[in-house]
Structure formats: structure tokens, C-alpha cells
Amino acid sequence: MGAFIPCSQVASGIFDVDSMKSKRRETGQSGHSVFERLTCSVEETQTFGQKLGRILQGADVVALHGDLGSGKTTLVQGIAQGLGYDPSTIKSPTFVLMREYSGSKPFVHLDGYRLEGVVQVAWLDTELMFAPNKITLVEWADRFADLLPDDYLEIRLQYVSTHRRRIQVIPHGQRSPGIVAELIKSQGSAMSGRQSASSESVC
Ligand SMILES: Nc1ncnc2c1ncn2[C@@H]1O[C@H](COP(=O)(O)OP(=O)(O)O)[C@@H](O)[C@H]1O
Ligand SMILES: [Mg+2]
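Sequential numbering from 14 applies to the sequence shown in our numbering.
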């Protein structure tokens, strides 16, 4: 049986990009906070998504990265709930590439799973995918890399163990750092410094 590790010991923190050289290179920006946390259940991932969903506005783009089963669609369900949708209506668009939801906060859910090995995605209609009045949530975002706008929120999900997922939120562009700042506020566990224990869940 695996060792019992409280989530709070392993995971959450806010990092100054300056103190994370590799992240700084990755984002190409300095001085912006990168947020990281661990979730211990599907519900926690969805709750985190809800908080993010409440912050997002038209034209915001969320680029989700992570292996199959890392929790991208689960997080999208939470975000959709935060946007006012019933999460059970959010199905992975794995077989259709894109689904559009037209509630009071319209959003587009893209899934690049089927684009594996596709060299060129320039044939996709970017005006449909990224519009000023719509929020766009992209699974397998690396497969849309050339199409993403300059301003977007990168989210990396990583499988840690059966019920645990590490979630990193990395801002790119002008607006995204503000989203991360609001997210930190909404988490109610604002921490500074290189890494701190989280007051969030223990599992
Ligand atoms: N903490 C967690 N967060 C998200 N999913 C989790 C978590 N723990 C277990 N899971 C399971 O992992 C799977 C995630 O699937 P999904 O969200 O479809 O991933 P992806 O879209 O990245 O392929 C689901 O079966 C879900 O029940
Ligand atoms: Mg998925």
C-alpha cells in the first residue's frame, strides 16, 4: 500500500516566475505569478474549475495540457459550471473537435485529441474558435499551438496518483496575469515566496 501523503505537504504554491527559471523561459515573461495546486478528487478539480469559470470573460482562452486521463475534461466541466452551465451536459468533444455552448456566457470547447500527428491545422476556422464574445477552452492545446492568440492562460495537468492531479496555471500576455491573481484571491490561500504549504485539502 502506498504511503499516505497529505496533499497540503506536496503541492500547492504560488511561484514567482523569477524564481523558476525554467518556467520563465517557458512563458517568456518575467514577474508574473505561476499558480500551482494539487487536487485530491474529481470534485476538487471541478471546484477549482468553477472558481476559474467565474473569473473568465469573453475572448479569454484557456489552453489545457496533459496526458489522457490527467483531468482536462473534468476541469472543463468545472469551468462550465462556473460559467453557469450544468456540468453533466459537457461531454468531451473528442470525436467532433469542437462544441459550442451558447448560454449567457458562450464558450467553445475544443479537443485536439484526434489531431495527433496532424502537421498542419491552418485549415481550422479560427474565427469560429476564438471570438471576442466567446471563452475558448482547448484540450491538447499543443496541437493548436500556432493558432493560439498571444494572450492565453496555460494550464498543465499532471497525473500524480489515482485521485491526485497537479494543476499548474501559467499566464501569457496582458490579461492572463490578472486572471491568475484573481484565482489566487479566490482560492483564499494566497501565499508568497518560493513555495508554501496550502491551507487547502488534505487527502
Ligand atoms: N483529482 C482528480 N481530478 C480530475 N480527474 C480525476 C481526479 N482523480 C481521479 N480522476 C479521474 O481521472 C479521469 C480524468 O479524465 P478526463 O477529465 O477525461 O481526462 P482528460 O480529459 O485529460 O483525458 C477521470 O476518470 C476521473 O474520474
Ligand atoms: Mg478530455
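Virtual Cβ for every residue (Gly too), placed ideally from N, Cα, C.
Since this is a predicted model, take the numbers as computed values, not measurements.
So is residue i buried or exposed if we call it buried at 16+ other beta carbons inside 10 Å?
i, result
"Trp136", "exposed"
"Asp138", "exposed"
"Gln63", "buried"
"Leu96", "buried"
"His122", "buried"
"Lys198", "exposed"
"Asp124", "buried"
"Ser117", "exposed"
"His176", "exposed"
"Val151", "buried"
"Arg38", "Confidence in Arg38 is poor, its pLDDT being 36 and thus under 50, which makes the residue's placement unreliable; the coordinate value appears in the next sentence. The residue is exposed, with fewer than 16 neighbouring Cβ atoms inside 10 Å."
"Leu141", "exposed"
"Leu81", "exposed"
"Phe143", "buried"
"Ser115", "exposed"
Quick one: does the C-beta of residue i sit closer than 7 Å to a heavy atom of ligand 1?
i, result
"Glu129", "no"
"Ser101", "no"
"Thr175", "yes"
"Thr60", "no"
"Lys85", "yes"
"Ser54", "yes"
"Glu140", "no"
"Glu167", "no"
Can we count residue i as close to ligand 2, meaning its CB is less than 7 Å from some heavy atom?
i, result
"Lys118", "no"
"Ser105", "yes"
"Asp124", "yes"
"Glu57", "no"
In terms of alpha-carbon separation, which member of the options lies closest to residue i?
i, options, result
"Val75", "Leu88, Gly82 and Ser83", "Leu88"
"Phe48", "Gln181, Glu140 and Ala72", "Gln181"
"Leu51", "Ile168, Arg127 and Arg156", "Ile168"
"Leu220", "Leu166, Lys118 and Glu56", "Limits of the chain in this structure are 14 at one end and 216 at the other, which puts residue 220 out of reach."
"Gln200", "Thr149, Phe61 and Glu56", "Phe61"
"Thr149", "His45, Val134, Phe108 and Glu113", "Glu113"
"Ser174", "Pro162, Trp153, Arg127 and Ser83", "Ser83"
"Asn146", "Glu57, Leu69, Trp153 and His185", "Leu69"
"Ala72", "Leu170, Pro162 and Leu128", "Pro162"
"Gln90", "Leu128, Gly130 and Glu56", "Glu56"
"Gln8", "Met111, Phe108 and Pro119", "Nothing about residue 8 can be reported from this structure: the residues present for the chain run from 14 to 216 only."
"Met111", "Pro100, Asp99 and Tyr126", "Tyr126"
"Gly218", "Arg188, Thr58 and Phe157", "Residue 218 cannot be examined here, being either before or after the span of the chain that is shown, 14 to 216."
"Pro100", "Gln59, Gly79 and Ser54", "Gln59"
"Asp164", "Ala154, Ser46 and Ser189", "Ser189"
"Ala154", "Arg179, Ile92, Ser46 and Leu128", "Leu128"
Checklist entry - Should the stretch 95-106 be regarded as contacting the stretch 176-195, the criterion being three or more beta carbon pairs within less than 8 Å? => result no
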